[in-house]
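One structure below.
Number of protein chains: 2
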Amino acid sequence: MRIKDFQKELKRKGLPVALLFNLEEHLNPSFYYFTRYDGYGCLVVPATGKPLVIVPPMEEERAKDTTPLHVLAYRKSFAGTLQRVIGRPRNIGIDHSTVPILSHRRLRKRMPRARFADVSTIIDRLRIVKTETELSYLRKACAMSDDILHTCFDHFKKFRTEKDVYRFLDQETRNRDSVFSFDAIVASGGNASQPHHRPANVKLKKGFCVIDFGVKYQGYCSDTTRMVYLGRPSRKELALYQLMLDAQEHVTTLYTQGASCVDVFDASVKALGTYGKYFIHGLGHGIGVEVHEPPSLGPNSEERLATGMTVTNEPGVYLPGKLGIRIEDSIIVTKKRPEIITRIPRVLRIIR
Amino acid sequence: MRIKDFQKELKRKGLPVALLFNLEEHLNPSFYYFTRYDGYGCLVVPATGKPLVIVPPMEEERAKDTTPLHVLAYRKSFAGTLQRVIGRPRNIGIDHSTVPILSHRRLRKRMPRARFADVSTIIDRLRIVKTETELSYLRKACAMSDDILHTCFDHFKKFRTEKDVYRFLDQETRNRDSVFSFDAIVASGGNASQPHHRPANVKLKKGFCVIDFGVKYQGYCSDTTRMVYLGRPSRKELALYQLMLDAQEHVTTLYTQGASCVDVFDASVKALGTYGKYFIHGLGHGIGVEVHEPPSLGPNSEERLATGMTVTNEPGVYLPGKLGIRIEDSIIVTKKRPEIITRIPRVLRIIR
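For the protein sequence lines, the chains are D and L, in the order given.
Mapping of the first sequence onto our numbering: residues 188 to 539, in sequence order.
Mapping of the second sequence onto our numbering: residues 188 to 539, in sequence order.
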């Protein structure tokens, strides 16, 4: 989305060109980010001039149908075509966070005089702050998942198994011509104490049930978690839910320009009080063309939040074999009030 | 599946231990191959002694439910736990074909005295030849997709769009508690001249329609392509189909122990005669836990076929904007007669 900014950075770093690969042996979501084409190929970004995408002959038509960039299909060999396009530069930018050691070795063999500098931090810095277009896609993805979740809760009484719920979410997602942004989690009773439980063909258990789910809109991911209770919750359970909800909502107010990610994480552990020790994962992560991307909000985070970042807020508590509760929103960081883009109410849905 | 053979190779190479990572930032199908657990973690394979899988705390239960290997969840930090487990060996095997440059740099920083040798070729050599268990999974995956394709052809008259066919295949796959091994291709009329065309919400066009589709059984992939004709084929079209079919069936007989992959590829181009120039992709690829894995049969292949390899045979011709025809089987290489494990007849299904 920010290919011109990328070119500026290349110029600033004295890199005449960068190559971003998206190959079967190593996919790179940044390739899709810049090209909007999700097949195999190599994006060639010169510091000045027009970027282009080199693709295998069999992908030519599809690439042309999807990317606004210039597409060139190689005929005989990719290497030959690439060399004709870029010549023999001494410095080439590649993404060290995705190119495997072996591919790097092959590149060096093919272009023995070139140095392959890392451009992953440049790209991370671009991707972490969303453009207005990206924000509009993220809002729409969240609105679509809100809508699907509403429908799901309306039908909840008829579901017998976790898989029933999963299939319903999946079907509603397809009906809207979309796909999951990650494999949906439906975890009832003791299963919910595994944060990444896979929905099973087992009867929905009494007690708390975690629904963690997202869809894609224009390639951009939503991510929401809401809670259902099957049966009649005890006072203690309701109090625990309220504690979680208060903590989650309090933490949302901390998603502001300049906040340190580790401080926000620490505040969430503190807000969970004595339950803090049952919070066994990070507090949140960026969303974009990937459902997990920088920044991350955890005990070792080094980033600070900035306007335009779009980040989840998902504290959870997990009592092994007993229960799991997680509430998750996706939030756009702004200068003042965070914009919550998952708008479906965070209320506990009690299904008797 | 062959973890003991892997350990023997490590011993032979003087490597006391190998680490295989499966992380969000770089997945490695070989991790699943050895562990049968598809979540995040690090497989620690000592040259002697018991392998174990180190996983994040939130994956502990799921890992224990799926892998037969010993599972250890780290508490504070992965690095600390890993060091306690492996000590400070001077030589460590890692998979250079999947570990990104940046992760390699981090590993070297963390263990500055260790050398990280490449074990990817060892693993490739193990994975390329299937065990009896793997062959039984591959046969079952192919039988399941045969069954689904039969059902699909029985219902073909009622489909209006490419997406209708796609959705039917998808639904039948789910009904059998399986998933696609790759995104199914349904390409009618001129769309079929793009070998990787995505099924569209467009009316099925008259003429040839490519159905390229596979499912998973126990994590193992099937891959089959069959052809439908909508309307009344001309004599010329029938003759072209027959030419393709004869070529494909002839090439199957070449899938024998010791055959050079490049020779088999060359023979397929030759068998297509004047249409050889419209054959714009490789002839085949191994199938296993990945739908595309070694060996590959193309103009630059260096492998030879060997007993137990399971490989596709999929010649195709593509007349840009006009038509595409591809016929594909999955084949187990044996000493004598190749075993075709996609058993649904290769006849052209004519739908009037």
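C-beta: ideal position from N, C-alpha, C; glycine also.
The model shown is predicted, which means the values in this text are computed figures rather than measured ones.
If only complete runs of 3 or more residues are kept, the stretch 292-323 of chain D shows the beta strand (DSSP E) at 302-305, in order along the chain. Taking the Cα of Arg326 of chain L as reference, the smallest distance to any Cα among L:Thr348, L:Cys408 and L:Glu248 is reached at L:Cys408. Here DSSP, grouped into helix, strand and coil, assigns Ser217 of chain D to helix. Rounded to whole angstroms, the Cβ separation of Tyr442 of chain D and Asn500 of chain D is 6 Å, and the two are in contact under 8 Å. Setting aside the 5 residues that flank it on each side, Val352 of chain L is surrounded in the same chain by Phe346 and Val373, each with a C-beta closer than 6 Å to its C-beta; the list follows chain order. The beta-carbon of Val286 of chain D is placed less than 8 Å from the nearest beta-carbon of chain L. Contacts with chain L (Cβ-Cβ distance below 7 Å) from the stretch 449-478 of chain D involve Ile467 and His468, listed in chain order.
Cβ contact annotation for Asp333 of chain L (same chain, cutoff 8 Å, sequence separation greater than five): Thr411, Thr529, Arg530 and Ile531, in chain order.
Boundaries of the beta strand (DSSP E) around Ile398 of chain L: Gly394 to Phe400.
The criterion of a C-beta distance shorter than 8 Å is satisfied by Gly280 of chain D and Leu202 of chain D. Between the alpha carbons of Leu210 of chain L and Phe218 of chain L lies a distance of about 10 Å.
In the DSSP assignment, Gly236 of chain L falls outside any beta strand (DSSP E) and carries neither an H nor an E.
Remark: fewer than three beta-carbon pairs, one from each stretch, lie closer than 8 Å, so the stretch 456-466 of chain D and the stretch 282-296 of chain D are not flagged as touching. Going by beta carbons, Tyr227 of chain D and Val242 of chain D fall inside the 8 Å limit.
Glu526 of chain D is bridged by DSSP to D:Ile519. When DSSP states are grouped into helix, strand and coil, Pro481 of chain L belongs to the strand group. Taken through DSSP and simplified to helix, strand or coil, Leu230 of chain L comes out as strand. Contact check for Phe369 of chain D and Val478 of chain D: beta-carbon distance about 5 Å, within the 8 Å limit, so the pair qualifies. Of all alpha-carbon atoms in L:Thr497, L:Gly394, L:Lys251 and L:Lys509, the one lying nearest the alpha-carbon of Leu313 of chain L is that of L:Thr497. Under the Cβ criterion (8 Å, minimum of three pairs), the stretch 488-497 of chain L counts as touching the stretch 434-454 of chain L.
Judged by beta-carbon spacing, Ile538 of chain L lies within the 8 Å limit of Val415 of chain L, meaning their Cβ atoms are closer than that value. At least one C-beta of chain D is nearer than 8 Å to the C-beta of Leu289 of chain L. Taking the beta carbon of Arg249 of chain L as reference, the chain D residues within 8 Å of it are Gln381, His383, His384 and Arg385, listed in sequence order.
Taking the beta carbon of Gly226 of chain D as reference, the chain L residues within 8 Å of it are His383, listed in sequence order. Tyr404 of chain L is positioned such that its CB atom lies closer than 8 Å to that of Tyr324 of chain L. About 17 Å separates the Cβ atoms of Pro507 of chain D and Met431 of chain D, ruling out a contact at the 8 Å cut-off. Two segments are said to touch when three or more pairs of C-beta atoms, one from each, lie closer than 8 Å; by this definition the stretch 291-309 of chain L does not touch the stretch 470-487 of chain L. What Pro482 of chain L touches in chain D, judged by beta-carbon distance under 7 Å, is nothing: the nearest beta carbon there is about 15 Å away.
At a cut-off of 8 Å between beta carbons, His283 of chain L contacts chain D.
Runs of the alpha helix (DSSP H) lying entirely within the stretch 345-433 of chain D and spanning at least 4 residues, in chain order: 349-362. Straight through space, the alpha carbons of Arg533 of chain D and Thr320 of chain D are spaced by roughly 27 Å. In the DSSP assignment, Arg249 of chain D forms no beta bridge with any residue.
Counting other Cβ atoms within 10 Å of its Cβ, Asn362 of chain L stays below 16 and is therefore classed as exposed. Sequence-distant partners of His384 of chain L (beyond 5 residues in either direction) whose C-beta falls short of 7 Å from its own C-beta, in its chain, are Ile372, Ala374 and Asn378. For Ala328 of chain D, same chain residues with a beta-carbon under 7 Å away, outside a window of 5 residues either side, are Val402, Lys403, Tyr404, Tyr407, Cys408 and Ser409 in chain order.
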